[in-house]
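Just below is one structure, and these are the notes that go with it.
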Amino acid sequence: PPECAGSPVLPRVLVLCPASLRINWQREINAVYPNDLVGMVGQDRMEMLHGCRWVVANYERLGGLVREMDLHFQVMVVDEAHYLKEHMSGRTRNAFVLACRIPRRFLVTGTPLLSREIELHTLLRLSGHRLGSLRLNDFRKRFTGSRERRAELASELRGWLLRRRKDVLKDLGTKDRQVRHLSPAEGLAGYLEVLADMTLGVMPKIVKLRQSLEALKLQFIVEAIESRSSGDKFIVFCEYMATAKALKAALAALGVVCVTLVGSDAPAARQRSIDAFQQDPDTTVFITTTAAGGVGITLTAANIVLFASLPWTPALMRQAEDRAYRLGQKRDVLVLVPLVDQTIDGQIWALLASKTALEQDVVEAVCTEVDAKPTKTARPRVADMLAMTAMAE
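So that you can map any letter, position 241 of the sequence shown is 241 in my numbering, and since no number is skipped, the others follow by simple counting.
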């Protein structure tokens with residue numbers, strides 16, 4: 001509790017998080033424990049960290065902590081823990097080395113399962129669950145591939161995984177997601193040109209098609225912002241820098257004040273953009289990507305969220321939406337999802353639906369007994385998206 005701030009009986013805590021969230025963690029800790037020292041790996045000298053009760057490290061800085069054998073912690077908090085789902089990555093291996101030295105570990109994520117059941121194995125192993133001791137192939141054979149196996153996995157997780165839904169926030173309003181189907185006035189000539197380019201591989205073609213679709217949605221996004229009511233604020237999620245720059249320029253020409261947050265921004269610059277949007281009533285639009293701004297930050301000044309592109313998983317989409325729809329939000333939140341007709345937008349939307357069903361079988365079932373039989377949702381392969389779109393033409 002806050003009244004115990006600075007007490008020597010409290011444990012020393014290591015917080016692991018994405019680089020973009022370090023400053024936010026420092027602020028949140030000091031808001032509750034104003035007298036505690038919060039050290040930042042990479043910013044403070046290693047010897048200074050020995051005097052801090054809280055140490056915050058981004059995933060790219062874990063190697064230095066691994067080598068610092070004399071720096072001891074009693075608790076490790078892993079924020080956005082899904083960043084460690086790939087068991088062979090350097091950041092995950094460093095996290096495991098640290099976990100072996102720290103008796104209590106808490107993994108925090110709104111997206112424990114992005115698209116495959118197997119992603120949970122590494123998180124269970126890191127947190128100390130007995131299923132984490134299974135070999136990867138044994139875990140895969142036992143818990144993946146069918147609804148019945150996923151139900152068994154959900155049963156094993158009860159009592160270990162704590163799921164907090166938005167309904168625990170009694171003062172939170174509603175979140176309404178609306179799909180808007182677009183038929184761009186300028187047509188699909190550029191999109192179809194990319195689709196017909198046989199020199200491109202599947203994934204490069206998908207990238208170029210998504211870039212083309214973002215450009216086609218700009219007019220809709222600008223018009224939605226231009227027709228805003230007094231007090232409305234917007235978050236716009238793009239996937240490509242060209243879209244972010246074009247949107248910012250178009251809004252500036254209309255006199256709309258906006259800020260951006262992209263992956264190349266330094267932590268201090270990111271925080272300035274967040275603070276300006278949250279605190280300045282004249283800053284109306286926050287432009288970012290799902291990778292850079294879709295997790296961990298609070299943007300409750302916004303009441304409208306727009307997606308220029310669909311994320312590849314429903315969990316990432318929900319996380320992005322919930323930058324606005326979270327504790328501190330005083331208004332209802334509207335999420336606008338523009339989809340361009342007769343394009344891969346339709347196939348990606350279907351893919352998200354199929355992944356949502358998988359997530360519900362495991363994560364949601366931990367908290368809820370599901371009695372109704374599910375409707376089977378076909379899961380389109382990425383390679384099939386192009387063929388399906390081409391046939392529609």
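Positions of the beta carbon are idealized from the N, C-alpha and C atoms, including for glycine. Note that the structure is a prediction, hence the values are computed from the model and not measured.
Compare the Cα-Cα distances from residue i to each of the options and report the closest residue.
i: residue 342; options: 183, 200, 251, 246; result: 183
i: residue 362; options: 318, 145, 294; result: 145
i: residue 230; options: 46, 315, 282; result: 282
i: residue 59; options: 264, 93, 277; result: 93
i: residue 57; options: 77, 47, 205; result: 77
i: residue 111; options: 103, 102, 101, 123; result: 123
i: residue 169; options: 29, 326, 348, 67; result: 326
i: residue 181; options: 337, 10, 360; result: 337
i: residue 106; options: 121, 88, 80, 87; result: 80
i: residue 102; options: 90, 66, 120, 121; result: 66
i: residue 154; options: 171, 121, 241; result: 121
i: residue 50; options: 199, 68, 83, 234; result: 68
i: residue 171; options: 358, 328, 29, 274; result: 328
i: residue 159; options: 359, 165, 129; result: 129
i: residue 340; options: 191, 87, 151, 147; result: 191
i: residue 47; options: 72, 86, 224, 36; result: 72
i: residue 253; options: 223, 28, 357, 104; result: 223
Opposite residue i in the DSSP bridges: which residues?
i: residue 284; result: Looking at the DSSP assignment, residue 284 forms no beta bridge with any residue, so it has no partner.
i: residue 10; result: None, per the DSSP bridge assignment.
i: residue 395; result: Residue 395 lies beyond the range of the chain shown here (1 to 393); nothing can be said about it.
i: residue 44; result: 41
i: residue 254; result: For residue 254, which the question treats as bridged, DSSP gives no partner whatsoever.
i: residue 300; result: DSSP, once it has assigned bridges, lists no residue as partnering residue 300.
i: residue 16; result: 57, 78
i: residue 260; result: 287
Using beta-carbon positions only, say whether residue i and residue j come within less than 8 Å of one another.
i: residue 208; j: residue 194; result: yes
i: residue 213; j: residue 70; result: no
i: residue 236; j: residue 306; result: yes
i: residue 304; j: residue 232; result: yes
i: residue 18; j: residue 294; result: no
i: residue 299; j: residue 278; result: yes
i: residue 218; j: residue 249; result: no
i: residue 54; j: residue 13; result: yes
i: residue 260; j: residue 284; result: no
i: residue 320; j: residue 302; result: no
i: residue 98; j: residue 62; result: yes
i: residue 173; j: residue 331; result: yes
i: residue 239; j: residue 290; result: yes
i: residue 41; j: residue 64; result: yes
i: residue 126; j: residue 156; result: no
i: residue 22; j: residue 267; result: yes
i: residue 308; j: residue 221; result: yes
i: residue 16; j: residue 95; result: yes
i: residue 271; j: residue 242; result: no
Can you round the beta-carbon distance between residue i and residue j to whole angstroms, since I take them to be within the 8 Å contact cut?
i: residue 292; j: residue 262; result: 5 Å
i: residue 149; j: residue 142; result: 7 Å
i: residue 348; j: residue 310; result: 5 Å
i: residue 335; j: residue 178; result: 7 Å
In chain order, what are the residue ranges of uninterrupted beta strand (DSSP E) at least 3 long that sit wholly in the stretch 46-124? Residue ranges of uninterrupted beta strand (DSSP E) with 3 or more members, entirely inside the stretch 46-124 and ordered along the chain, are 54-58, 75-79, 104-108.
Which runs of the beta strand (DSSP E) spanning at least 3 residues fall entirely within the stretch 179-246, listed in chain order? Complete beta strand (DSSP E) runs here, min 3: 234-238.
With a floor of 4 residues, list each alpha helix (DSSP H) that falls wholly inside the stretch 302-365, ordered by position along the chain. 314-321, 344-359, all fully within the stretch 302-365.
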